[in-house]
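Input: a single structure, listed below in structure tokens.
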Amino acid sequence: MSPLDIIRTSIYSLTANRLRAALALLGIVLGVCSVITLMSIGRGSTDRITELIQGLGSNLLTVIPSGEPLTLADVDALRDPLYTPSIKAVAPQIGTFGTIHIDNNTTQAAITGVTPEFLHVRNLEMGTGAFIGIPHVESLAEVVVLGAQVSDDLFGNQDPTGAEVRINGRRFRVVGVLASQSGFGSMDDQTLIPITTAYYRLSGQRIPGGDISVDQISIQAKDVESVDQAIEEIETVLRLSHRITEADDFTVFNQQEILDTFDEANQTLVVFLGTVAGISLLVGGIGIMNIMLVSVTERTREIGIRQAMGAKRRDIVAQFVTEAVFLTFGGGIIGVIAGLSLATAIDGRFLIGTEWSTRVTSDIPVIALIVSIAVGLFFGIYPAVRAARLNPIEALRYE
Amino acid sequence: MRTPTYALQPVIRIRDVTKIYEMGDGTIQVRALDGVTLDIHDGEYVAIMGASGSGKSTLMNIIGCLDVPTSGTYHIDGQAVETMSNNRLADIRSRKVGFVFQTHNLLPRLTALANVELPMMYGHWPNRRKRAEHALNLVNLGDRMDHRPTELSGGQQQRVGIARALVKEPSVLLADEPTGNLDTANTAEILNIISELNHQNGITVIVVTHERDVAARADRIITLSDGQVISDETKSSPLMTKGELEGV
Chain A
33 MSPLDIIRTS IYSLTANRLR AALALLGIVL GVCSVITLMS IGRGSTDRIT
83 ELIQGLGSNL LTVIPSGEPL TLADVDALRD PLYTPSIKAV APQIGTFGTI
133 HIDNNTTQAA ITGVTPEFLH VRNLEMGTGA FIGIPHVESL AEVVVLGAQV
183 SDDLFGNQDP TGAEVRINGR RFRVVGVLAS QSGFGSMDDQ TLIPITTAYY
233 RLSGQRIPGG DISVDQISIQ AKDVESVDQA IEEIETVLRL SHRITEADDF
283 TVFNQQEILD TFDEANQTLV VFLGTVAGIS LLVGGIGIMN IMLVSVTERT
333 REIGIRQAMG AKRRDIVAQF VTEAVFLTFG GGIIGVIAGL SLATAIDGRF
383 LIGTEWSTRV TSDIPVIALI VSIAVGLFFG IYPAVRAARL NPIEALRYE
Chain B
218 MRTPTYALQP VIRIRDVTKI YEMGDGTIQV RALDGVTLDI HDGEYVAIMG
268 ASGSGKSTLM NIIGCLDVPT SGTYHIDGQA VETMSNNRLA DIRSRKVGFV
318 FQTHNLLPRL TALANVELPM MYGHWPNRRK RAEHALNLVN LGDRMDHRPT
368 ELSGGQQQRV GIARALVKEP SVLLADEPTG NLDTANTAEI LNIISELNHQ
418 NGITVIVVTH ERDVAARADR IITLSDGQVI SDETKSSPLM TKGELEGV
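In the order they appear, the protein sequences are chains A and B.
Note that the first sequence covers residues 33 to 431 in my numbering.
Note that the second sequence covers residues 218 to 465 in my numbering.
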């Protein structure tokens, strides 16, 4: 039998029972579609994490207390270039929550007390107005910089610079709005005020000695190469100022490490989802085998006729395997189209509480199609061999 | 369509063929054929008769290379079949044997023409369409080529079956109860076509039947009973068959 004859014969057979062929196809469509979508999501989130590393700068370090509080005195010590030559900038933060309202517009927001360094350390840009300055920090000024989303919630499209808002009942003057950012770690829903104001006016906590305790210190190393050196310097300075002899009462996070952890978790998730998608493809393949076995039984007589007409075993095998591969390849193509459409459709959308980002690369559909053909070959071979093993005399007598 | 070869070698040469079927788990043996010896020559029109269970179907399966004998030898066109693999048997079927079945056994969704082309597909034949058209013309179905089996009468369906069998120019046209499902008029029509193919085109025909009037159209009637040949009669005819020539 020539390849053209095999293809023609398979099409003849598949069109005999279109509904059944379509249902068998559906399993493969769903399997391939989910594989494509999940792989695109995996690629997309990996991209986003990489983007984030580049955006935040891989020279960002974070210190959090794990025992004794960190204070502004610690911050000052860390700022001393004599002890910390590898550090470029130090930005302490106090985090709290509060209610912000103007007139009858109210919104809940995370409120962070910061110093002017925060803008550079976190790579932020101003949308309108100015950031918090040193005089604001020194004078406990009641000024606020709004995240883009907060500004939008309270003022809509208006420029809020100069307007007054109330935070937990206190009057604050809006001095600026941050430019909108997308992605993980976005400051859009944040409200920034001077760190001293946050401590004395909003937090309500006090520590002995009259110093200001901070929740977290973001530190920018001079460059990526000096990150390790900077960590050592931070540890030395804090151990000295905290008079530590045994275990540290603080923890230093390397931004790269945090993102590596995220990436790892992401990869695990992608592998897990990929496995689930793979299983659905497998189930689709079993569906194909099931249909093919039914088809072999139903067409016993046809097989007998073909054998009497001189069909060899390999002709029969070729015919049935080709039918199975047609089903899975057809399902694969539809699945690829569906998967790519779905991946494109959800890209950048905010659904089920997450912003989805997907990246479609040309290798994904190629792999999916090769896999779907392989599924057809694998699950088609057994029914095909059963068909070819039929005894022509009995097959011809089959009712 | 066949140029008669006047070689003395018979088309079908069966020597002491026995076929034993094992039933159940091998405890019961059924001797379907028991030492059958016979020669069929090019151009003969032979009927094989016998009651059901006489072994005529088994003999037909062996002649048609669908099955191989348990013992004995069988040559078709000089080729020994009994030792052939499944693939070689399929090959012999595709080149040497044209089957006509009791039920027409056409593929329902193919046109008459495509059904006739089918056996040539497995033999890698060139000019399939032209040959199929020619074969359909031979059975007077030139105007029904694009019809599907369901659009044809029983007799027409069987004629498509005959066209399909003879399109490969087989060594032997093997018909198993070809009129078993047909009414009198259609039976006559099919038998006329078979006779015509034998007389005018020189095609060797073997008809397996249990009906006397069907067998009566043949030149030679072989009767089987209990797996053995109990009679082998050749009708006297003005022209001697090659078998008779050989005997002279």
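Just so you know, even glycine gets a beta-carbon here, dropped at the ideal spot from N, CA and C.
Every value quoted in this text rests on a predicted model; they were computed, and no experiment measured them.
Residue i - partner residues in DSSP beta bridges
i: Asp256 (chain B); result: B:Arg230
i: Ala253 (chain A); result: A:Ile119
i: Lys236 (chain B); result: B:Leu250
i: Ser442 (chain B); result: B:Gln445
i: Asp393 (chain B); result: B:Val425
i: Phe204 (chain A); result: A:Val197
i: Gly63 (chain A); result: DSSP lists no partner for Gly63 (chain A).
i: Leu102 (chain A); result: A:Val246
i: Arg437 (chain B); result: B:Val263 and B:Thr451
i: Leu92 (chain A); result: A:Gln252
i: Pro192 (chain A); result: DSSP lists no partner for Pro192 (chain A).
i: Ala297 (chain B); result: B:His292
i: Phe282 (chain A); result: A:Pro97
i: Pro124 (chain A); result: A:Ile249
Beta-carbon separation (whole angstroms), residue i vs residue j, contact threshold 8 Å
i: Asn415 (chain B); j: Gly372 (chain B); result: Not quite, the Cβ-Cβ distance comes to about 18 Å (not below 8 Å), so this is no contact.
i: Gly281 (chain B); j: Phe316 (chain B); result: 6 Å
i: Phe187 (chain A); j: Glu196 (chain A); result: That pair is no contact at about 11 Å.
i: Leu234 (chain A); j: Ile143 (chain A); result: 7 Å
i: Val353 (chain A); j: Ala416 (chain A); result: 5 Å
i: Ala432 (chain B); j: Met266 (chain B); result: 5 Å
Range of the contiguous alpha helix (DSSP H) that encloses residue i
i: Pro226 (chain A); result: First-last for Pro226 (chain A): Gln222 to Pro226, but that is the beta strand (DSSP E), not the alpha helix (DSSP H).
i: Leu7 (chain A); result: Because chain A here runs from 33 to 431, residue 7 (chain A) falls outside it and cannot be looked at.
i: Ile143 (chain A); result: Not the alpha helix (DSSP H): Ile143 (chain A) falls in the beta strand (DSSP E), residues Asn137 to Val146.
i: Tyr44 (chain A); result: Pro35 to Leu46
i: Thr390 (chain A); result: It is not in any alpha helix (DSSP H) - Thr390 (chain A) carries neither H nor E in the DSSP assignment.
i: Gly371 (chain B); result: Gly371 to Leu383
i: Asn403 (chain B); result: Thr401 to Asn418
Buried versus exposed, by CB contacts within 10 Å (16 or more), residue i
i: Thr131 (chain A); result: exposed
i: Phe129 (chain A); result: exposed
i: Val465 (chain B); result: Note that Val465 (chain B) has pLDDT 48, beneath the 50 cutoff, so the model's placement of it is unreliable and the number below is only indicative. Its Cβ having fewer than 16 others within 10 Å, Val465 (chain B) is exposed.
i: Ala16 (chain A); result: Residue 16 (chain A) lies beyond the residue range present for chain A, which begins at 33 and ends at 431; the question has no answer from this structure.
i: Leu46 (chain A); result: buried
i: Asn423 (chain A); result: exposed
i: Lys236 (chain B); result: buried
i: His341 (chain B); result: exposed
i: Arg50 (chain A); result: exposed
i: Gln140 (chain A); result: exposed
i: Arg429 (chain A); result: exposed
i: Phe163 (chain A); result: buried
i: Pro117 (chain A); result: exposed
i: Thr220 (chain B); result: Because Thr220 (chain B) sits at a pLDDT of 47, beneath the cut-off of 50, its placement in the model cannot be relied upon, and the point is left open.
i: Asp400 (chain B); result: exposed
i: Glu170 (chain A); result: exposed
i: Pro226 (chain A); result: buried
i: Ser77 (chain A); result: buried
i: Tyr223 (chain B); result: With a pLDDT of only 49 at Tyr223 (chain B), under 50, the local geometry of the prediction cannot be trusted, and no value is derived from it.
i: Gly241 (chain B); result: exposed
Check: residue i C-beta below 7 Å from any heavy atom of the ligand PLP
i: Glu413 (chain B); result: Among the ligands in the structure shown, none appear at all, so the ligand PLP cannot be discussed.
Pick from the options that is closest to residue i, judged by C-alpha positions
i: Gln166 (chain A); options: A:Gly145, A:Ala406, A:Ala419 and A:Leu46; result: The residue you asked about is not Gln; residue 166 (chain A) is Ile in the sequence shown. Minimum Cα distance to Ile166 (chain A) is reached at A:Gly145.
i: Ser271 (chain B); options: B:Asp251, B:Leu255 and B:Arg230; result: B:Asp251
i: Gly74 (chain A); options: A:Ala375, A:Ala420, A:Leu422 and A:Thr147; result: A:Ala375
i: Val469 (chain B); options: B:His364, B:Gln417, B:Leu391 and B:Asp294; result: Because chain B in this structure spans residues 218 to 465, residue 469 (chain B) falls outside the shown range and cannot be described.
i: Ala419 (chain A); options: A:Ser312, A:Gly336, A:Phe382 and A:Phe163; result: A:Gly336
i: Gln296 (chain B); options: B:Thr287, B:Leu306 and B:Ser288; result: B:Leu306
i: Gly208 (chain A); options: A:Pro148, A:Lys254, A:Glu267 and A:Asp260; result: A:Pro148
i: Asp185 (chain A); options: A:Thr138, A:Leu156, A:Asn155 and A:Gly412; result: A:Thr138
i: Phe285 (chain A); options: A:Gln252, A:Ala340, A:Glu174 and A:Trp388; result: A:Gln252
i: Asp449 (chain B); options: B:Val263, B:Arg230 and B:Asp233; result: B:Val263
i: Ala211 (chain A); options: A:Ile227, A:Val182, A:Asp243 and A:Leu272; result: A:Val182
i: Glu68 (chain A); options: A:Val107, A:Phe411 and A:Ser404; result: Strictly speaking, residue 68 (chain A) in this sequence is Ile, with Glu absent from that position. Minimum Cα distance to Ile68 (chain A) is reached at A:Ser404.
i: Arg331 (chain A); options: B:Leu353, B:Asn322 and B:Glu394; result: B:Asn322
i: Pro240 (chain A); options: A:Ile60, A:Asp292 and A:Ala105; result: A:Ala105
i: Met341 (chain A); options: B:Leu408, B:Glu394 and B:Arg381; result: B:Arg381
Run of the beta strand (DSSP E) containing residue i, from where it starts to where it stops
i: Phe23 (chain A); result: An answer regarding residue 23 (chain A) cannot be provided, because it is not within the stretch 33 to 431 covered by chain A.
i: Tyr262 (chain B); result: Tyr262 to Met266
i: Val182 (chain A); result: Segment Ala180 to Phe187 is the alpha helix (DSSP H) holding Val182 (chain A); no beta strand (DSSP E) there.
i: Ser273 (chain A); result: Element bounds for Ser273 (chain A): not the beta strand (DSSP E) but the alpha helix (DSSP H), Val259 to Ser273.
i: Gly161 (chain A); result: Met158 to Gly161
i: Phe316 (chain B); result: Val314 to Val317
Minimum Cβ-Cβ distance from residue i to chain D less than 8 Å
i: Tyr44 (chain A); result: The structure shown contains no chain D; the protein chains it does contain are A and B.
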